[in-house]
Amino acid sequence: MCPVSLRPAGRQQQEEGPSVSSQNRTGSRRIKITSITGLALAGALVLTGCSPEVEKGWLPTERGTTNHTDRIMDLWVNSWIAALAVGIITWGLLVWCIIAYRRRKGTTGFPKQLSYNLPLEVFYLTIPLFMVLVFFYFTDQDQRAIDDRSQPADVVVDVRGKQWAWDFNYKKGEVINEDLHEAGVQAHLTGNEVDKELLPTLYLPVGKSVDLELNSRDVIHSFWVPAFLQKRDMIPGKTNYIRFTPTKEGTFDGKCAELCGEYHSEMLFRVKVVSESEFQAHMDKLRQDGNTGLLGAEYDRNPNLNETK
1 MCPVSLRPAG RQQQEEGPSV SSQNRTGSRR IKITSITGLA LAGALVLTGC
51 SPEVEKGWLP TERGTTNHTD RIMDLWVNSW IAALAVGIIT WGLLVWCIIA
101 YRRRKGTTGF PKQLSYNLPL EVFYLTIPLF MVLVFFYFTD QDQRAIDDRS
151 QPADVVVDVR GKQWAWDFNY KKGEVINEDL HEAGVQAHLT GNEVDKELLP
201 TLYLPVGKSV DLELNSRDVI HSFWVPAFLQ KRDMIPGKTN YIRFTPTKEG
251 TFDGKCAELC GEYHSEMLFR VKVVSESEFQ AHMDKLRQDG NTGLLGAEYD
301 RNPNLNETK
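Residue numbering for the sequence shown follows UniProt numbering, beginning at 1 and increasing consecutively.
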């Protein structure tokens, strides 16, 4: 007689080793998940134009403030759109894997284990590398255009940061007839509204290219006008530059963006972009007040930079 085993079939299958009994994924499920992911991506992209704040990426300025603000704003917004698209695709794939490959009722054992998948590994390597190179290309392209100083500027201003105010030296050139300067004084925050008329004010003519030579008289500062979307550090003994063309008249707030001591929060200034006639009128006023010449490095506090051999 033949022996008969009384063990249940399921018990016998579990003892014999891992297996997958029901891992059938239908095409309709995949199409549904793909459609949901695509709709979510399309909806997110459409939302980018729902309001002016979203359109400009919540940046603290308006388009056309300088010749660079549109370029910087587009780079910022497009970078977030690309990051959002990557995030939606990544999370969509994760959710799809969780749903499609979940453990189903009646499943015993473990799924088939794979040690590697060469096509997927090549895909995971090349696609992120390609994306990084694309991001780098557009960033480098915009950075080169923003920092281009190949042509002489119409207006050159030597900006000197000091604890805790600003000096502005207007250098003789295409628009300015002689060297002029304006020494700023520190703001005093008392808990009340700051009298902005007393703040150091940098005057610039609209539509003229400007070269700001950024220098520090003592410690590291940082020149920042939020509306211009540009910021540059001011390092003792080193001159940094910002080149731009203001294209919209107005008054813009500026501040030091580098912690520089006890009264860092009081190191405020303003930028007034005015017509050329108003700019020349201000230069004439400086001349009449006797503010001729430049307040250069000889007034820097750093003793190592003022040593004479």
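No residue lacks a Cβ here, since even glycine has one placed at the ideal position from N, Cα and C.
Residue i vs residue j beta-carbon contact at 8 Å
i, j, result
"residue 226", "residue 60", "yes"
"residue 180", "residue 295", "no"
"residue 187", "residue 243", "no"
"residue 185", "residue 268", "no"
"residue 254", "residue 270", "yes"
"residue 75", "residue 140", "no"
"residue 248", "residue 274", "no"
"residue 73", "residue 57", "yes"
"residue 256", "residue 222", "yes"
"residue 212", "residue 170", "no"
"residue 135", "residue 79", "yes"
"residue 245", "residue 66", "yes"
Neighbourhood of residue i by C-beta distance below 6 Å, restricted to the same chain and skipping five residues each side
i, result
"residue 155", "175, 208, 210"
"residue 173", "156"
"residue 146", "68"
"residue 279", "203, 205"
"residue 252", "225, 227, 271"
"residue 161", "216, 221, 234"
Assumed close pair residue i, residue j - CB separation to whole angstroms, cut-off 8 Å
i, j, result
"residue 260", "residue 220", "7 Å"
"residue 69", "residue 229", "5 Å"
"residue 159", "residue 198", "Incorrect: roughly 19 Å between the Cβ atoms, too far for contact."
"residue 301", "residue 232", "Incorrect: roughly 21 Å between the Cβ atoms, too far for contact."
"residue 166", "residue 266", "Contact doesn't hold; Cβ gap of about 12 Å is too wide."
"residue 168", "residue 202", "5 Å"
Three-state secondary structure assigned by DSSP to residue i
i, result
"residue 96", "helix"
"residue 80", "helix"
"residue 198", "helix"
"residue 235", "strand"
"residue 133", "helix"
"residue 299", "helix"
"residue 60", "coil"
"residue 119", "helix"
"residue 279", "helix"
"residue 311", "Here the chain comprises residues numbered 1 to 309, so residue 311 is not present and cannot be evaluated."
"residue 223", "strand"
"residue 143", "helix"
Same chain, Cβ closer than 7 Å to residue i, neighbours up to 5 away in sequence not counted
i, result
"residue 291", "180, 181, 182"
"residue 178", "172, 292"
"residue 258", "220, 221, 222, 233"
"residue 138", "75"
"residue 196", "270"
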